[in-house]
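Enquirer:
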Amino acid sequence: MKRLSPAMRPSPEPPARAHDGSRESPDSPAATVAAQLRTACLWVVLLSPAFFATVVWGRAIVAANDVLGAAYGTPRAEVALAPWRMQAAVGWAGLSFALFTATLVIALVAPRPARRRPGSAVLAGALLMYAGPVLAGVWAGHGGAGDWRLWLAPLLLTAFQLAPRPRLETLVRTLRAGLRVFTYGSLLVLVVAPNWAVLASPVVNFGLDLVMPGGRLAGLSNHPAALGTLSVLALLLEVQGIARTRLWLVHSAAAGLTLLFAQSRTAWLAALVSLLFVYRREDALRAGRVHPAVKRLVAAGLAGSAALFSPAVVDGFHQVTSSDEVATLHGRELPWRLALEAFHENIWFGYGPGLFSDRSSPVGGAFDHAHNQVLHTLGTAGIAGAAGLLVFLLVVLWTAARTAAVTHGLSWALTATTLVLCVPEAPLRGNGFTPYLVLTLTLFTVLSTASAQRAGQQSSAPAARVPRPAAARESTAAPAMRTP
Numbered sequence: 001m002k003r004l005s006p007a008m009r010p011s012p013e014p015p016a017r018a019h020d021g022s023r024e025s026p027d028s029p030a031a032t033v034a035a036q037l038r039t040a041c042l043w044v045v046l047l048s049p050a051f052f053a054t055v056v057w058g059r060a061i062v063a064a065n066d067v068l069g070a071a072y073g074t075p076r077a078e079v080a081l082a083p084w085r086m087q088a089a090v091g092w093a094g095l096s097f098a099l100f101t102a103t104l105v106i107a108l109v110a111p112r113p114a115r116r117r118p119g120s121a122v123l124a125g126a127l128l129m130y131a132g133p134v135l136a137g138v139w140a141g142h143g144g145a146g147d148w149r150l151w152l153a154p155l156l157l158t159a160f161q162l163a164p165r166p167r168l169e170t171l172v173r174t175l176r177a178g179l180r181v182f183t184y185g186s187l188l189v190l191v192v193a194p195n196w197a198v199l200a201s202p203v204v205n206f207g208l209d210l211v212m213p214g215g216r217l218a219g220l221s222n223h224p225a226a227l228g229t230l231s232v233l234a235l236l237l238e239v240q241g242i243a244r245t246r247l248w249l250v251h252s253a254a255a256g257l258t259l260l261f262a263q264s265r266t267a268w269l270a271a272l273v274s275l276l277f278v279y280r281r282e283d284a285l286r287a288g289r290v291h292p293a294v295k296r297l298v299a300a301g302l303a304g305s306a307a308l309f310s311p312a313v314v315d316g317f318h319q320v321t322s323s324d325e326v327a328t329l330h331g332r333e334l335p336w337r338l339a340l341e342a343f344h345e346n347i348w349f350g351y352g353p354g355l356f357s358d359r360s361s362p363v364g365g366a367f368d369h370a371h372n373q374v375l376h377t378l379g380t381a382g383i384a385g386a387a388g389l390l391v392f393l394l395v396v397l398w399t400a401a402r403t404a405a406v407t408h409g410l411s412w413a414l415t416a417t418t419l420v421l422c423v424p425e426a427p428l429r430g431n432g433f434t435p436y437l438v439l440t441l442t443l444f445t446v447l448s449t450a451s452a453q454r455a456g457q458q459s460s461a462p463a464a465r466v467p468r469p470a471a472a473r474e475s476t477a478a479p480a481m482r483t484p
């Protein structure tokens, strides 16, 4: 049998690599269980806002807290929950924490790659951001470091990072299915029980009542603004190109209709900005042409600018700008001022995480948050918290830029949505089982999974073959017989 020379012998194939670019080992039972628990954690977080809005709070808490005074700072009414509702809330929270902890423990037991997992920078930035309020609760002098809402997101994100991660397509399908519960469910409730689904609001779009006169769709959430946030996420996941279904236009229309009925101007703006990143043509970008959506926005802006010269529009604009809603920035001027006052009293740690939750704080329970992420962080955690927030946002921007090609712009769209919501809201604060936790989890999981998939693509790319010199090939051959 002819023996092959070393140069002609086939090189052994390298071991398969996992999605995070590491050497893939045989699936262990612990890794399989951790992956299943990870999926269960995703579903628990996705369904939590609907559970708390419909089962725990109902509409009583919203009706009592949404009727504000002229100063938009009247202390909210206390709502006593029925014992069974309170037990349901405690049971859901306890089981969720047990599930997250079990996922984390089993993920630690399962074999992991020796190298650093892609996406760890996003987790480190998130942990720094959530560490600020905890440190403020210890050093500011008002307590609050043990608030379970401060530990919920860090535990959840750490468990997902350490558990075996799915493919990006699988993750997108799961997130999409969970968010369809809110879009289709809210529209169904609007048809079946409109009086329950629509929340009467004294302030709707500067009093213009463009969509639903006197009310806004809350659906399967606790507030129309929360439903608007979930609708934006659903719309982005439907129109983007990863694992897109044949009925994506129908699902996108349902998400867009829910977003319209929620009448959240912040959500509308977030959708307009973020769709520019998702709905794009790669060939148009390579050719240097302007995206069609940008052309349409420019045309609409020119038409709107021309309409401003109409006398009727000018009179209506003057009436709107002279209202109390605009004068107080929809009631946001007061929480901004209270947050800044708390920051000035202790610039390093602020008042503490209980500034907007304790009745004895300067806010007095009039607001849930400062209606601005930066001011909320300064008021509750001072410079220490603001530094962690800045690090997290920088890491998110850096990761979104690196994974934009893998996600077809979805990473940029989710980042843009988060940044827009940070202006009038505080979505990155220590939240309970709210839609903002869904936003944080969606942003983190997409960035982390896309980073792992990007690393896997780079590691599996074939290396360029370098031709061997002719002299080296001849040296391996048997010496020829010389003729005398």
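Numbering (the UniProt record's numbering), first residue to last: 1 to 484. Ideal Cβ positions, reconstructed from N, Cα and C, are used throughout, including at glycine. Computed from a predicted model, the values in this text were never measured in an experiment.
#1: Does the separation of the CB atoms of Val90 and Leu437 fall below 8 Å?
#2: What's the gap between the Cα of Thr415 and the Cα of Leu276?
#3: Return yes when the Cβ of Ala153 is within less than 8 Å of the Cβ of Pro353, no when it is not.
#4: Which same chain residues end up closer than 7 Å to Ala34 when comparing Cβ atoms and leaving out the 5 residues on each side of it in sequence?
#5: When you compare the segment 397-413 with the segment 232-242, are there three or more beta-carbon pairs, one atom per stretch, that lie closer than 8 Å?
#6: For Ser252 versus Leu227, is the C-beta spacing smaller than 8 Å?
#7: Would you mind working out which of Ala98, Trp57, Thr266 sits nearest Pro83, comparing C-alpha positions?
#8: By Cβ distance, which residues of its chain are closer than 8 Å to Thr158, with the 5 residues on each side in sequence left out?
#9: Taking the Cβ atom as the reference point for each residue, do Ala342 and Gly379 lie within a distance shorter than 8 Å?
#10: With H, G and I counted as helix, E and B as strand and the rest as coil, what does DSSP make of Val374?
#11: Could you pull out every residue in the same chain whose Cβ sits closer than 6 Å to the Cβ of His371, ignoring the five residues on either side in sequence?
#12: Is there contact between the segment 171-190 and the segment 389-401, where contact requires at least three CB pairs shorter than 8 Å?
#13: Nearest CA to the CA of Ala400: which residue from Thr417, Gly385, Arg38?
#14: In terms of alpha-carbon separation, which member of Gly215, Thr258, Leu375, Leu175 lies closest to Ala40?
#15: Does DSSP put Gly143 in a helix, a strand or coil?
#16: CA-CA distance, His142 and Gly385?
#17: Helix or strand or just coil, what does DSSP make of Leu199?
#18: Going by C-alpha to C-alpha distance, which of Ser48, Ser120, Thr54, Met129 sits closest to Ala93?
#19: By Cβ distance below 6 Å, which residues in the same chain neighbour Phe52 in space, the five residues on each side in sequence not counted?
#20: Write down every uninterrupted run of the beta strand (DSSP E) in the segment 394-469 whose length is 3 residues or greater and which is fully enclosed by it, in chain order.
#21: Hey, how far is the Cα of Ala131 from the Cα of Phe349?
#22: Between Leu37 and Leu99, which are expected to be in contact by the criterion C-beta below 8 Å, what is the C-beta distance as a whole number of angstroms?
#23: Beta-carbon within less than 7 Å of Val395's beta-carbon, same chain only, minus the 5 sequence neighbours each way: which residues are those?
#24: Please work out which residues of its chain come closer than 7 Å, Cβ to Cβ, to Pro435, disregarding the five sequence neighbours upstream and downstream, and give them in chain order.
#25: So, using beta-carbon positions, are Ala197 and Leu217 closer together than 8 Å?
Expert: Quick answer:
#1: Not closer than 8 Å, so no.
#2: Thr415 and Leu276: Cα-Cα distance of roughly 12 Å.
#3: Not a contact, by the Cβ cut-off of 8 Å.
#4: If we look at Ala34 and ignore the five residues flanking it on each side, its Cβ neighbours are Thr103, Ile106, Ala107, Ala110, Ala163, Pro164.
#5: With a cut-off of 8 Å, the segment 232-242 and the segment 397-413 count as touching, because enough Cβ pairs lie within range.
#6: Against a cut-off of 8 Å, the Cβ pair of Leu227 and Ser252 comes out as no contact.
#7: Checking every option, the nearest Cα to that of Pro83 belongs to Trp57.
#8: For Thr158, where only same-chain residues beyond five positions count, the Cβ hits under 8 Å are Leu104, Leu123, Leu127.
#9: Yes, the pair counts as a contact, with Cβ atoms nearer than the cut-off.
#10: Here Val374 sits in helix by DSSP.
#11: Answer for His371: Arg332, Pro335, Pro424, listed in chain order.
#12: Two segments are said to touch when three or more pairs of C-beta atoms, one from each, lie closer than 8 Å; by this definition the segment 171-190 does not touch the segment 389-401.
#13: When each option's Cα is compared against that of Ala400, the closest is Thr417.
#14: Of the candidates Gly215, Thr258, Leu375, Leu175, the residue whose Cα lies closest to the Cα of Ala40 is Leu175.
#15: Reduced to three states, the DSSP call for Gly143 is coil.
#16: Approximately 16 Å, taken between the alpha carbons.
#17: Reduced to three states, the DSSP call for Leu199 is strand.
#18: Checked all of Ser48, Ser120, Thr54, Met129; the closest Cα to Ala93 is Ser48.
#19: Non-local beta-carbon contacts of Phe52 in its own chain, meaning distances under 6 Å to residues more than five positions away in sequence, involve Phe433 in chain order.
#20: Fully enclosed beta strand (DSSP E) runs of 3 or longer: not present.
#21: Those two C-alpha atoms are separated by around 11 Å.
#22: Rounded to whole angstroms, the Cβ separation of Leu37 and Leu99 is 7 Å, and the two are in contact under 8 Å.
#23: Excluding residues within five positions, the ones whose Cβ falls inside 7 Å are Ala121, Val122, Gly125.
#24: For Pro435, where only same-chain residues beyond five positions count, the Cβ hits under 7 Å are Pro49, Ser221, Ala226, Thr229, Leu230.
#25: Going by C-beta atoms, Ala197 is nearer than 8 Å to Leu217.
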